[in-house]
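For the sequence shown, the UniProt record's numbering gives the first residue as 1, with consecutive numbering after it. Glycine included, C-beta positions come from ideal geometry on N, C-alpha and C. Every value quoted in this text rests on a predicted model; they were computed, and no experiment measured them. A short worksheet on the structure shown next.
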Amino acid sequence: MGRRAAHGPDRGARMTAVLAPAPPDRIDPATWRLCWVIVLGAFASGLDASIVNVGLESINRELGATLSTTQWIVSGYLLALAVSLPAAGWLGRRFGTGRVWLPPPTAFTLASIGCAVAPTIGVLIAARVAQGLAGGVLIPTGQAILGAAVGPQRLGRVMGALGIAVSAAPAIGPLAGGLILAGLSWPWLFAVNVPIGVAGLVLGRRIVPRGVRQDAGPLHLPGFVAISAGLFLVVLATSSWGAAGALTPGIAVLGLAAMGCLAVFVLLSRSTAHPVLDLALYRIRGFRAGSVAAFFSGALVFGSGVVHALYFQLGQGLDPLHAGLSLIGAAAATAVAAPLTGRWIDRHGPAPVATVGGVLAVATTVPMVVLGLEAPAAAVQSVLVGYGVAVSMVAMPAGITAYKAVSGGQLPDAITQVNILQRIGGSIGGAVCAVLIAGNTSDPEHGFRLAFAALVVGAVGAVASSALIRRATAA
């Protein structure tokens, strides 16, 4: 008998057993400690995606780069996030989700140090890509770890805690960045990640279960290349479209190439016994409904992020710091609503929560179409707070519906695919809103009305997808 068999299950198996959901309803303190470690990793990834935006001008000036080159500090990070997503599911199945989650905090911390000490713009961009590759794995594998720890009936509460980090980090980033730059230089925008990364690494090694290895088969390299290239091109095409403010022939070619790569991936996945992503999950009604809802929730979250930030900066003429302060109310509302939404889902199911969230998203977006840039400040803040609550109630039921519909062994793959659809929806939603605003610079009022109208369309899509969730969960 082998050494492992002689001495019993390894540490990962023991920790998984300890964290297994014993009581039917209550979540034990050990699981909550695990949850907050995962939240820390998600917060670091989200914070890093937004904190650097306010420092681009300083970086551009001090490193002597052009603005178009400096923009790759943001784009490179987002592209790397997208590329790393497809591997998360396979790696989680092959090695165990905890074993996959643990290395990224180290890589993320080292890459943050690399960003802070970068002597040239090229080194800085390369370090940002490394950050993105590490950060892209943290959220999907973290969700899989939590799902395995608590089971489907209590998933809402832990996902609600994770939602605090996911919603708060993008709003805190610009504000924190502005405060840092008020007294320090741009390298501190990246150095602030180091203590967060070290804390995540130390706590993670003590608390995060290593997970269970499955027979994932060999990595299907042609499929991985196809899906990674497709997601890379989706993000590149949509971000280029948003930056240009118009659909140029070159951007159209990028979009067609993206669709071609994704189509090739589907064909390759159907011809192998070990696909990178198990597309057969879409035969499951609940997973299919949750995935559609995830696409619309991504469009709403990322699209509104673009519109709201530009509304205060371009529409109201505020600097990035004060624009960030103006968005704190919406972020706080989302963060407060996230754990409450999780409890409501555990108690009442995802369908009614998703329906209320979609209707609230419509109700809090239509007034901005009507009022435009002349809306009173108090009215704008009231609408944004309501929208912040709506976003939480739309996004969380989508993922939870999909995750509850699959078996435990399918969970890492399901989470990866839902995150990919949210990313694609977010890229498209953000690009559409940016194009509508940038394409109407001569009449900003009209541009912002159109952008808010696009959010209304996304919110209506969320209401429609909640009907799919209702039918799937009633079956």
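Problem set entry | G55 classed as buried or exposed, judged by whether at least 16 other C-beta atoms fall within 10 angstroms | If you number the sequence shown from 1, residue 55 lands on position 55. With 16 or more Cβ atoms within 10 Å of its Cβ, G55 is classed as buried.
Exercise. Buried or exposed: Y77, going by 16 or more other Cβ atoms within 10 Å of its Cβ?
Worked result: For the purposes of this step, residue 77 is taken as the residue at position 77 of the sequence shown. Buried, by the Cβ-count rule.
For this session: Check whether the region 391-402 touches the region 153-172, counting contact only when three or more Cβ pairs, one atom from each stretch, lie closer than 8 Å.
Result: With the cut-off at 8 Å, the region 391-402 and the region 153-172 touch.
Exercise. Between which two residues does the alpha helix (DSSP H) containing H220 stretch?
Worked result: Taking the first residue of the sequence shown as position 1, residue 220 is located at position 220. Neither: H220 is in no alpha helix (DSSP H) and is coded neither H nor E.
Exercise. Does DSSP classify P209 as helix, strand or coil?
Worked result: Reading the sequence shown from its first residue, position 209 is the one you call residue 209. Coil at P209, not helix or strand.
Exercise. Between the beta-carbon of A82 and the beta-carbon of V235, is there less than 8 Å?
Worked result: If you number the sequence shown from 1, residue 82 lands on position 82. If you number the sequence shown from 1, residue 235 lands on position 235. Judged by their CB atoms, A82 and V235 are nearer to each other than the 8 Å cut-off.
Exercise. To the nearest angstrom, how far is it from the Cα of P350 to the Cα of I172?
Worked result: For this step, residue 350 is matched to residue 350 along the sequence shown. For this step, residue 172 is matched to residue 172 along the sequence shown. Take the alpha-carbon of P350 and the one of I172: they are about 28 Å apart.
Exercise. Roughly how many whole angstroms lie between the Cα atoms of I400 and T106?
Worked result: The residue labelled residue 400 in the question sits at position 400 within the sequence shown. The residue labelled residue 106 in the question sits at position 106 within the sequence shown. Answer to the nearest angstrom: the Cα atoms are 29 Å apart.
Exercise. Can you give the Cα-Cα distance for A413 and V74, rounded to whole angstroms?
Worked result: The residue you call residue 413 lines up with position 413 of the sequence shown. The residue you call residue 74 lines up with position 74 of the sequence shown. Checking the displayed sequence, the identity of residue 413 turns out to be Asp instead of Ala. Going by the C-alpha atoms only, they are around 27 Å apart.
For this session: Report yes or no: do the region 401-420 and the region 285-297 share at least 3 C-beta pairs separated by less than 8 Å?
Result: These segments touch.
Exercise. In the structure shown, what three-state DSSP assignment does I27 receive?
Worked result: Within the sequence shown, numbered from 1, the residue matching residue 27 stands at position 27. It is coil, neither helix nor strand.
Exercise. Where do the N-terminal and C-terminal ends of the alpha helix (DSSP H) with V366 fall, by residue?
Worked result: Position 366 of the sequence shown, counted from the first residue, corresponds to residue 366. Residue range 350-371 is occupied by the alpha helix (DSSP H) that includes V366.
Exercise. Are the beta-carbon atoms of I251 and S240 separated by less than 8 Å?
Worked result: By 1-based counting over the sequence shown, the position of residue 251 is 251. By 1-based counting over the sequence shown, the position of residue 240 is 240. Contact flag set, yes.
Exercise. Cβ atoms of R154 and D346: under 8 Å apart, would you say?
Worked result: Indexing the sequence shown from 1 puts residue 346 at position 346. Indexing the sequence shown from 1 puts residue 154 at position 154. Closer than 8 Å, so yes.
Exercise. Taking the C-alpha atoms as reference points, what is the distance between A331 and V389?
Worked result: Residue 331 sits at position 331 when you count from the first residue of the sequence shown. Residue 389 sits at position 389 when you count from the first residue of the sequence shown. Straight-line spacing of the CA atoms in A331 and V389 works out to 9 Å.
Exercise. When you compare only the Cα positions, how much space is there between A42 and A169?
Worked result: The residue given as residue 42 occupies position 42 in the sequence shown. The residue given as residue 169 occupies position 169 in the sequence shown. A42 and A169 have their C-alpha atoms some 9 Å from each other.
For this session: Could you say which of L340, W90, Y403, V306 lies nearest to residue 506 if we only look at CA atoms?
Result: Examination of residue 506 is not possible in this model, given that the chain is present from 1 through 475 alone.
For this session: Starting from the C-beta of S167, find all residues in its chain whose C-beta is less than 8 Å away, skip the five residues before and the five after it, and write them out in chain order.
Result: On the sequence shown, position 167 is the one that residue 167 refers to. Correct list, in chain order: A331, T334, A335, A338, G388, V391, S392.
Exercise. Given a threshold of 16 other Cβ atoms within 10 Å of its Cβ, counted over all protein chains shown, does H220 qualify as buried or as exposed?
Worked result: For the purposes of this step, residue 220 is taken as residue 220 along the sequence shown, with counting starting at 1. Taking all protein chains in view, the Cβ of H220 is crowded by 16 or more other Cβ atoms within 10 Å, so the residue is classified as buried.
Exercise. So, helix, strand or coil for W72, using DSSP?
Worked result: Within the sequence shown, numbered from 1, the residue matching residue 72 stands at position 72. Three-state DSSP puts W72 in a helix.
Problem set entry | Collapsed DSSP secondary structure at L102 in the structure displayed | Residue numbering aside, residue 102 sits at position 102 when the sequence shown is read from its first letter. The answer is coil: DSSP assigns L102 none of H, G, I, E or B.
Exercise. Would you report the Cα separation of D278 and P104, rounded to the nearest angstrom?
Worked result: The residue labelled residue 278 in the question sits at position 278 within the sequence shown. The residue labelled residue 104 in the question sits at position 104 within the sequence shown. In a straight line, the C-alpha of D278 is about 24 Å away from that of P104.
Exercise. Where does W186 fall in DSSP's three states?
Worked result: On the sequence shown, position 186 is the one that residue 186 refers to. When DSSP states are grouped into helix, strand and coil, W186 belongs to the coil group.
Exercise. Any idea if A280 is buried or exposed, counting beta-carbon neighbours within 10 angstroms, 16 or more meaning buried?
Worked result: Counting from one through the sequence shown, the residue named residue 280 turns up at place 280. Classified as exposed, A280 has fewer than 16 neighbouring CB atoms from the shown chains inside 10 Å of its CB.
Problem set entry | Top-ranked residue by Cα proximity to T203, from S442, L40, V353 | Counting from one through the sequence shown, the residue named residue 203 turns up at place 203. It is worth fixing the name first, because residue 203 is Leu in this sequence and not Thr. Nearest C-alpha to L203: L40.
Exercise. Roughly how many whole angstroms lie between the Cα atoms of L340 and R61?
Worked result: Position 340 of the sequence shown, counted from the first residue, corresponds to residue 340. Position 61 of the sequence shown, counted from the first residue, corresponds to residue 61. C-alpha separation (whole angstroms): 44 Å.
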